[in-house]
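Asks: Below is a structure I'd like to ask you about.
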Amino acid sequence: AEGEPLHDEL
Amino acid sequence: MNIFRLIGDLSHLAAIIILLLKIWKSRSCAGISGKSQILFAIVFTTRYLDLLTSFISLYNTCMKVIYIGCAYATVYLIYMKFRATYDGNHDSFRVEFLVVPVGGLAVLINHDFSFLEILWTFSIYLESVAILPQLFMISKTGEAETITTHYLFCLGLYRALYLFNWIWRFYFEGFFDMIAIVAGVVQTVLYCDFFYLYVTKDGKGYRFSI
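What follows is the structure, given as structure tokens:
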């Protein structure tokens, strides 16, 4: 895990 | 944003609004699983906590707020305003059999072991199975109103379109989210049987058996 991913979907 | 995702989101929105309007206009939630709707409210709540931490786009924020608002409005209509019409006896799916394993899985398999990320993962896993109480209810009573089948069709279409969206994003953006994809495939597969019945019966006079 390399940091929290940004979730751009709904 | 690509066309599959946009139409998918709109299909999802259509499903949510169809259900709300159906309950509101008929003043009844007969045939609707309150448990599935509670699960969807939990799904949106746990997934969209990032509304508080990150801004993606106006579109993204608006849709999230609308989804959450509609989900709670639906739960309110079923369990408060029109609770007299709620068919609790047929809504007998044991949701703890979904929520507990899904919670365990989210803790075990995630992109990052952090609070928000585990909740996001939980919401993805939970969404993939949240419709089961509704499908279970239909299979138990053996019937579904036409409008309810339209709701389910839009909901299934949304997930199927997201699969195309992920194929698109993989080829053109190199984007690849294994957790979302696997859960999305599972979710879409759950609708296959329903899709088949929906198409072959052409949305008319339902005696629905699953």
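Protein chains in written order, with my numbering: chain U, 2 to 11; chain L, 3 to 212.
Just so you know, even glycine gets a beta-carbon here, dropped at the ideal spot from N, CA and C.
Cα-Cα, which of L:75, L:116, L:188 and L:159 is closest to residue 12 (chain L)?
Replies: The residue with the shortest Cα to Cα distance from residue 12 (chain L) is L:159.
Asks: Mind checking if residue 91 (chain L) is an interface residue toward chain U, Cβ cutoff 9 Å exclusive?
Replies: Not an interface residue.
Asks: Measuring only the C-alpha atoms, how far is residue 122 (chain L) from residue 164 (chain L)?
Replies: Approximately 17 Å between the Cα atoms of the pair.
Asks: With a 10 Å radius around its C-beta and 16 neighbouring C-beta atoms as the bar for buried, classify residue 98 (chain L) as buried or exposed.
Replies: Burial call: exposed.
Asks: Whole angstroms are fine: how far does the CA of residue 58 (chain L) sit from the CA of residue 4 (chain L)?
Replies: Roughly 16 Å between the two C-alpha positions.
Asks: Which residues bound the alpha helix (DSSP H) around residue 62 (chain L)?
Replies: Where residue 62 (chain L) is concerned, the enclosing alpha helix (DSSP H) stretches over 60–78.
Asks: Take residue 66 (chain L) and list the residues in its own chain whose beta-carbon comes closer than 7 Å to its own, dropping the five residues that flank it on each side.
Replies: Closer than 7 Å at the Cβ level, and outside the excluded window around residue 66 (chain L), lie 50 and 53.
Asks: Which term fits residue 7 (chain L), buried or exposed, when burial requires 16 or more other beta carbons within 10 angstroms of its beta carbon?
Replies: It counts as buried.
Asks: Is the Cβ of residue 58 (chain L) closer than 9 Å to any Cβ of chain U?
Replies: Yes, its Cβ sits closer than 9 Å to a Cβ of chain U.
Asks: Among L:75, L:40, L:196 and L:102, which has the Cα closest to the Cα of residue 151 (chain L)?
Replies: Of L:75, L:40, L:196 and L:102, the residue nearest in Cα terms is L:196.
Asks: Would residue 4 (chain L) count as contacting chain U if we go by Cβ distances under 9 Å?
Replies: Cβ-Cβ to chain U under 9 Å: no for residue 4 (chain L).
Asks: Relative to the C-alpha of residue 105 (chain L), which residue among L:125, L:87 and L:89 is closest?
Replies: The shortest Cα separation from residue 105 (chain L) among L:125, L:87 and L:89 belongs to L:125.
Asks: Please report the Cβ distance between residue 30 (chain L) and residue 139 (chain L), rounded to the nearest whole angstrom; I am assuming they are in contact, meaning their Cβ atoms lie under 8 Å.
Replies: Contact flag wrong, Cβ pair sits at about 15 Å.
Asks: If I follow the unbroken alpha helix (DSSP H) through residue 35 (chain L), where does it start and stop?
Replies: Residue 35 (chain L) -> no alpha helix (DSSP H), and no H or E assigned at all.
Asks: For residue 6 (chain U), which of helix, strand or coil comes out of DSSP?
Replies: In this structure, residue 6 (chain U) counts as coil in the three-state DSSP scheme.
Asks: Determine the direct distance from the alpha carbon of residue 133 (chain L) to that of residue 191 (chain L), and round the result to whole angstroms.
Replies: One C-alpha to the other measures close to 12 Å.
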